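Participant: Mind having a look at this structure? Questions to follow.
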Amino acid sequence: MQEEWIKALGTMTYGIYALTSAHAKQANAMIASWVSQLSYDPPLIAVAVHPSRFSHVLIQKSESFALHVLKKDQKNLVTRFMEPDLDAKLKGIGWQKGKTGCPILTDCAAWFECKLTDRIQPGNHTLFIGEIIDAVLVSEDAVLTTHDYRGQYIGKA
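When the letters of the sequence shown are read in order and numbered with this note's numbering, they come out as residues 194 to 350.
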């Protein structure tokens, strides 16, 4: 990709979300920023996940995921959920099992639990599309976006 394109893509603003998934006795949390509401009826959310991510495997096997809108003061979770140690990611963080078995974080601005309805491979990421089966507005605090975080993600895994 041309350097100028990379710089231009870096100006796009996204929310920073925690994406959780689980299958059998394995669970994971990762940071996602390529996220969008796709439909109101039915309520659909899409999230892009690189196939090299462990969450990709869990979402495919469980056919579900949970998306958490992080609060502006939760920047520390960005680094934590990028750690390779799966056991350390959720240790000491308040969460409960959702209807699908996905971890639902108790401290966030809002969360959406989704049942997978489709997956598309438009490029080097899989676009997982999920129908919302449960959701809660937890807090009306300001939310974390790429403007608040010094890093940027342009799609390199």
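Built from N, CA and C at the ideal position, the CB exists for glycine as well.
Bear in mind that the values here come from a model prediction, so they are computed numbers and not experimental data.
Anyone know if the C-beta pair for Ala259 and Cys307 falls short of 8 Å?
Facilitator: Counting from 1 along the sequence shown, the entry for residue 259 is found at position 66. Counting from 1 along the sequence shown, the entry for residue 307 is found at position 114. Yes; because the gap between Cβ atoms is below 8 Å, this pair is in contact.
Participant: Put Trp304 into one of helix, strand or coil per three-state DSSP.
Facilitator: Translated into positions along the sequence shown, residue 304 becomes position 111. Note: Trp304 maps to strand in three-state DSSP.
Participant: His243 to Gly291, Cα distance in whole Å?
Facilitator: Taking the first residue of the sequence shown as 1, we reach residue 243 at position 50. Taking the first residue of the sequence shown as 1, we reach residue 291 at position 98. Their backbone Cα atoms lie some 24 Å apart in a straight line.
Participant: What would DSSP say about Val336, mapped onto helix, strand or coil?
Facilitator: As a first step, residue 336 is located in the sequence shown; it is residue number 143 there, counting from the start. DSSP places Val336 in strand when its eight states are reduced to three.
Participant: Which two residues bound the contiguous alpha helix (DSSP H) that contains Thr272?
Facilitator: Within the sequence shown, the letter at position 79 stands for residue 272. Start and end: 269-273.
Participant: Rounded to the nearest angstrom, what separates Gly323 and Met194 at their Cα positions?
Facilitator: Position 130 of the sequence shown, counted from the first residue, corresponds to residue 323. Position 1 of the sequence shown, counted from the first residue, corresponds to residue 194. Looking at the two C-alpha atoms, the distance is approximately 30 Å.
Participant: Please classify Ala350: does DSSP put it in a helix, a strand, or coil?
Facilitator: On the sequence shown, position 157 is the one that residue 350 refers to. Caution applies to Ala350, whose pLDDT of 47 falls short of 50 and renders its modelled position unreliable; the value that the coordinates give is listed next. Looking at Ala350 - three-state DSSP - the assignment turns out to be coil, as it is neither helix nor strand.
Participant: If we count the other Cβ atoms within 10 Å of its Cβ and call it buried at 16 or more, is Met223 buried or exposed?
Facilitator: In the sequence shown, the residue the question calls residue 223 occupies position 30. The residue is buried, with at least 16 neighbouring Cβ atoms inside 10 Å.
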